[in-house]
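As structure tokens, the structure follows; a few thoughts come after it.
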């Protein structure tokens with residue numbers, strides 16, 4: 035029963051471990067466990083969780099992109115909300131997309147009839163790929179200072195920079211914080227969506243059957259700014275009916291580069307579970323084969339039964355003289371054990387024994403000596419009487 039319970043607990047632990055392993059693999063961080071700046075997993079003022087929740091409540095299908103593969107079909111919207119501080123400080127572009135195959139896949143995905151939305155304060159590899167870049171740069175040190183404060187979770191009005199209002203859709207306005215203005219590269223014509231005194235803050239570009247939208251500041255979609263001005267209406271107008279994908283792979287989150295990602299990619303999950311099941315069956319089949327059964331508790335025998343057993347054994351296996359001698363030795367041994375004295379000192383020990391047991395001890399010792407010297411009968415009856423005389427002596431010491 036104990037072995038079966040251990041096996042059941044082991045099976046439960048294995049199943050729970052596998053489920054937790056696959057569940058947590060969805061949020062495996064390639065660059066750390068904390069939710070990155072502007073991530074849809076971040077619920078402070080500087081994440082995008084609120085907008086994602088709003089889409090879910092509005093019935094717009096949305097999910098996180100956790101691998102460098104773009105969803106099939108058309109009509110999808112991929113949102114990249116990218117920090118630019120570290121990249122700007124180094125004079126580099128914010129990632130957006132990684133290697134050449136991924137760039138090619140993204141271009142084909144947009145051309146097929148999907149929308150890419152990029153929100154960042156510096157040039158990005160994805161925006162550059164489509165010919166949209168920053169026209170007026172702001173100091174990299176300022177970008178880094180603002181985004182460092184945002185990573186710390188500071189209140190929106192304490193992160194630094196200048197608040198800017200941009201006109202959108204004639205009578206509507208966007209509320210931003212230190213945005214950059216945009217331009218098309220090498221003759222690429224962009225269509226302004228929102229403008230401020232400094233220039234174009236948000237623009238779009240038709241690309242094949244799809245389009246690319248770039249906003250020079252992440253603020254309109256962030257938790258702490260999405261309800262300011264007409265930011266929410268602006269973002270809902272960009273995504274439309276969806277489906278919407280939040281690019282977490284660009285933040286360093288995902289499962290595509292993990293062992294679990296490879297297992298899922300090649301369809302090995304069923305094989306893994308089957309292998310685990312076979313191993314458990316094998317273990318089950320051999321459970322208890324080498325386990326020794328617990329020794330049963332030894333049955334206690336009463337003094338009367340013990341005397342009867344000794345009588346039968348002695349009578350059947352020994353001659354009368356041998357029985358007499360064996361009984362005599364048994365009586366003397368029990369008396370000696372009770373008195374705690376050597377045979378030669380037995381008489382002296384009896385004299386110092388309690389008066390209530392002195393007479394009994396004298397009879398036992400006399401009977402033992404008589405049998406050892408060849409006196410008395412040695413039948414079963416005599417054997418029982420002699421052993422009964424010494425009953426309980428080994429349990430009750432007469433000397434203390």
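In the numbering used here, the protein residues as written are 35 to 434.
Built from N, CA and C at the ideal position, the CB exists for glycine as well.
message: Let me check understanding here. Comparing Cα to Cα, which of 203, 230 and 396 lies closest to residue 264?
response: Sorting 203, 230 and 396 by C-alpha distance to the C-alpha of residue 264 places 203 at the top.
query: Is residue 475 near residue 236, with beta carbons less than 8 angstroms apart?
result: Since the first residue of the chain shown is 35 and the last is 434, residue 475 is not available in this structure.
field: First through last residue of the beta strand (DSSP E) which encompasses residue 245
entry: 244-249 is the extent of the beta strand (DSSP E) around residue 245.
task: In the DSSP assignment, find the beta strand (DSSP E) that holds residue 280 and state where it starts and stops.
output: Membership of residue 280 in the beta strand (DSSP E) is indicated by the continuous run 278-281.
Stretch pair the segment 174-189 + the segment 237-246: three plus CB contacts closer than 8 angstroms: Put simply, the segment 174-189 does not touch the segment 237-246. Fewer than three CB pairs are less than 8 angstroms apart.
- request: Taking the CB atoms as reference points, tell me whether residue 233 and residue 215 lie closer together than 8 angstroms.
  value: Yes, the Cβ-Cβ distance between residue 233 and residue 215 is below 8 angstroms.
Per DSSP, cross-strand counterpart(s) of residue 196: BP columns for residue 196 are empty, so no partner.
task: Please go through the same chain and pick out, in chain order, the residues whose beta-carbon is closer than 6 angstroms to the beta-carbon of residue 228, but skip the five residues on each side of it.
output: Hits under 6 angstroms: 200, 202, 208, 235 and 236.
- prompt: DSSP three-state call for residue 511: helix, strand or coil?
  reply: A question about residue 511 goes unanswered here, because the residues of the chain that appear run from 35 up to 434.
- prompt: For residue 172, which residues from the same chain have a beta carbon less than 8 angstroms from its beta carbon, with the 5 sequence-adjacent residues on both sides left out?
  reply: Result list for residue 172: 155, 212 and 214, in chain order.
- prompt: For residue 387, which of 81, 369, 176 and 361 has the nearest alpha-carbon?
  reply: Out of 81, 369, 176 and 361, the CA that lies nearest to the CA of residue 387 is found in 369.
query: Ends of the beta strand (DSSP E) at residue 214?
result: Under the DSSP assignment, residue 214 falls outside any beta strand (DSSP E); it carries neither an H nor an E label.
message: Using a Cβ-Cβ distance cut-off of 8 angstroms, determine whether residue 211 contacts chain D.
response: Structure shown: chain D not included; a single protein chain is present.
Rounded distance between the beta-carbons of residue 70 and residue 287, thought under 8 angstroms: So it is a contact: roughly 7 angstroms between Cβ atoms.
field: Buried or exposed by the 16-neighbour rule on C-beta atoms within 10 Å, applied to residue 174
entry: If you draw a 10 Å sphere on the C-beta of residue 174, you find 16 or more other C-beta atoms in it, and that means buried.
- prompt: Does the ligand ADP have even one heavy atom less than 7 angstroms from the beta-carbon of residue 202?
  reply: The ligand ADP is absent from the structure shown, which contains no ligands of any kind.
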